[in-house]
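According to the numbering used here, the stretch in the sequence shown is residues 3 to 325, in order. Heads up, the beta-carbon is just placed ideally off N, CA and C, and yes, glycines get one too.
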Amino acid sequence: MTETRHTRLLIIGSGPAGYTAAIYGARAMLSPILLQGMQPGGQLTITTEVENWPGEVSIQGPELMQKMEHHAREMGAEIIVEHVVALDLSRRPFRAECDSGAAFTADALILATGAQAKWLGLPSEERFKGFGVSACATCDGFFYRGKEVVVVGGGNTAVEEALFLTNFATRVTLVHRRDSLRAERILQERLFRNPKITVVWNHVVEEVLGEQAPPGVTGVRVADVATGETRVIPCAGLFVAIGHAPASELVQGQLEMHHGGYVKVEPGSTRTSVPGVFAAGDLTDHVYRQAVTSAGMGCMAALDAEKFLAAEAGGSAAGLAAQ
Ligand SMILES: Cc1cc2nc3c(=O)[nH]c(=O)nc-3n(C[C@H](O)[C@H](O)[C@H](O)COP(=O)(O)OP(=O)(O)OC[C@H]3O[C@@H](n4cnc5c(N)ncnc54)[C@H](O)[C@@H]3O)c2cc1C
């Protein structure tokens, strides 16, 4: 028989947004339940050093996420390994169904299901993720001071990443499979003017080359899309900038979206188009996509949910959240 549990506040997702919402929700005495999903700890569990989380000069991504989980549990959040396969936001309480058969109903819901970078899908790319292959120049650019890097892609993100990387790298090669970029004209002009950047047109990355002990990238093999001819571009890092996909399938058709699937929230809040449903982190954010901004939005979502529930109850809830 399917077990259905009710909670005042259900949080879906266990990245920085979800865990921060759980910490604030628990401190507001809302006894939140957090469902972790298939990737407990979220995207940071697939990276190595994180050097931009305030208070930690350098910390491994998985360790940072274990600390957040521990913090949320200590505050009283209930954290459960469940993956949600269906959500019903059409009536309250909201209902979440999980792949195990378990179901949860909730008076308020925080969505923090994040996003996933799109990858090239090469086995060699997989081997060097976190060891020279990255999908985030803001996160990892600093590690490539004085080195050469390659960026793959042709849209705004790829051009912005390439420009940003010139702050660190001695040379940036942008590899694009077509003969023109999709990026905005002003970005393209900046790119073409930058003496550190070379564009390799009509090429695709075929393989990431590197060493295993210690693991590190030494170059990429690219192929001409017309002739199939290959050559190696030496580099210490490969940045894949071919887009991100927000994990919003569960709420498609139920919540307003923008920018190709990101959940829309009211400016300056985490309120979605359905009262009582709040969204935080990369799921809503196609611009910043950082752990610290996601955590900030997780905090906002818990405060917004607490206010929503308190207003419904006709008074103020415990009100601890903001302290
Ligand atoms: C390789 C890499 C390195 C990075 N390095 C840095 C860095 O150095 N510094 C930095 O600030 N940022 C970095 N980032 C970006 C950072 O990881 C993200 O901005 C941040 O993790 C987003 O947090 P989030 O809470 O929104 O979601 P995510 O971290 O994406 O977590 C989403 C969560 O939702 C869960 N979930 C998804 N679908 C379901 C479902 N159906 N049911 C239940 N749960 C579900 C997943 O299991 C996961 O726990 C990096 C990203 C990558 C990929």
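Next on the checklist: Going by the DSSP bridge assignment, what does cysteine 100 pair with across the sheet?
Outcome noted: Val86
Item to check | CA-to-CA distance, glycine 116 to glycine 321, given in whole angstroms | outcome: For glycine 321, the pLDDT reaches just 45, beneath the cut-off of 50, and the residue's location in the model is therefore unreliable, although a value from the coordinates is still provided. Going from the Cα of glycine 321 to the Cα of glycine 116 covers about 27 Å.
Item to check | Assigned secondary structure, glutamine 38 (DSSP; H/G/I helix, E/B strand, else coil) | outcome: coil
Next on the checklist: Could you compute how far the alpha carbon of leucine 32 sits from the alpha carbon of phenylalanine 166?
Outcome noted: 42 Å
Checklist entry - Which residue comes first and which comes last in the beta strand (DSSP E) that contains glutamate 208? => result 205-214
Checklist entry - Rounded to the nearest angstrom, how far is the Cβ of isoleucine 112 from that of phenylalanine 280, given a contact under 8 Å? => result 5 Å
Next on the checklist: Relative to the C-alpha of isoleucine 25, which candidate in Ala313, Ala307, Thr47, Gly316 has its C-alpha closest?
Outcome noted: Ala307
Item to check | Where glutamate 127 falls, given that 16 or more other Cβ within 10 Å makes a residue buried | outcome: buried
Checklist entry - How would you label histidine 178, buried or exposed, when you count the other beta carbons within 10 angstroms and need 16 or more for buried? => result buried
Checklist entry - So, is alanine 315 buried or exposed, given that buried needs 16 or more other C-beta atoms within 10 angstroms? => result exposed
Checklist entry - Do three or more CB pairs link the stretch 43-59 to the stretch 280-293 at distances below 8 Å? => result yes
Next on the checklist: Quick check on the burial criterion: 16 or more other C-beta atoms within 10 angstroms. Buried or exposed for glutamine 38?
Outcome noted: buried
Checklist entry - Quick one: is glutamate 163 buried, meaning 16 or more other Cβ sit within 10 Å of its Cβ, or exposed? => result buried
Checklist entry - Considering only the beta carbon of each residue, do proline 42 and valine 86 sit closer than 8 Å? => result no
Next on the checklist: Can you tell me whether glutamine 214 is buried or exposed? The criterion is at least 16 other CB atoms within 10 Å of its CB, across all chains shown.
Outcome noted: exposed
Next on the checklist: Measuring straight from C-alpha to C-alpha, what distance separates valine 265 and isoleucine 14?
Outcome noted: 14 Å
Item to check | Where glutamate 251 falls, given that 16 or more other Cβ within 10 Å makes a residue buried | outcome: exposed
Next on the checklist: My assumption, with CB atoms under 8 Å, is that glycine 245 sits in contact with threonine 159. Please give the rounded CB distance.
Outcome noted: 7 Å
Checklist entry - In terms of residue numbering, what span does the beta strand (DSSP E) encompassing alanine 281 cover? => result 279-281
Checklist entry - Looking at proline 18 and ligand 1, is the gap between the Cβ and the nearest heavy atom below 7 Å? => result yes
Next on the checklist: Let's see if you can read the secondary structure: which residues bound the beta strand (DSSP E) around isoleucine 25?
Outcome noted: Isoleucine 25 -> not in any beta strand (DSSP E); alpha helix (DSSP H) instead, spanning 18-29.
Checklist entry - What runs of the alpha helix (DSSP H), each 4 residues or longer, lie entirely inside the stretch 107-134? => result 125-130
Next on the checklist: Within the continuous beta strand (DSSP E) that includes alanine 225, where are the two ends?
Outcome noted: 217-226
Next on the checklist: If the criterion is Cβ atoms closer than 8 Å, does the pair valine 222 and valine 152 meet it?
Outcome noted: yes
Checklist entry - Can you tell which of Asn169, Pro216, Val219, Ile235 has its C-alpha closest to the C-alpha of valine 201? => result Ile235
Item to check | phenylalanine 144 versus glutamine 45: straight-line alpha-carbon distance, rounded | outcome: 19 Å
Checklist entry - What is the rounded straight-line gap between the Cα of threonine 47 and the Cα of leucine 66? => result 9 Å
Next on the checklist: Given a cut-off of 8 Å on the beta-carbon distance, is the pair valine 227 and asparagine 204 in contact?
Outcome noted: yes
Item to check | Span separating the alpha-carbon of alanine 98 from that of serine 92 | outcome: 12 Å
Checklist entry - Does the beta-carbon of methionine 40 have 16 or more other beta-carbons within 10 angstroms, so that it is buried, or is it exposed? => result exposed
Checklist entry - In the DSSP assignment, what are the bridge partners of phenylalanine 241? => result Ser136, Val153
Checklist entry - Could you give the distance in angstroms between the alpha-carbon of aspartate 101 and the alpha-carbon of proline 34? => result 20 Å
Checklist entry - phenylalanine 133 and glycine 218 look like a contact to me (Cβ under 8 Å); what is the Cβ gap, rounded to whole Å? => result 6 Å
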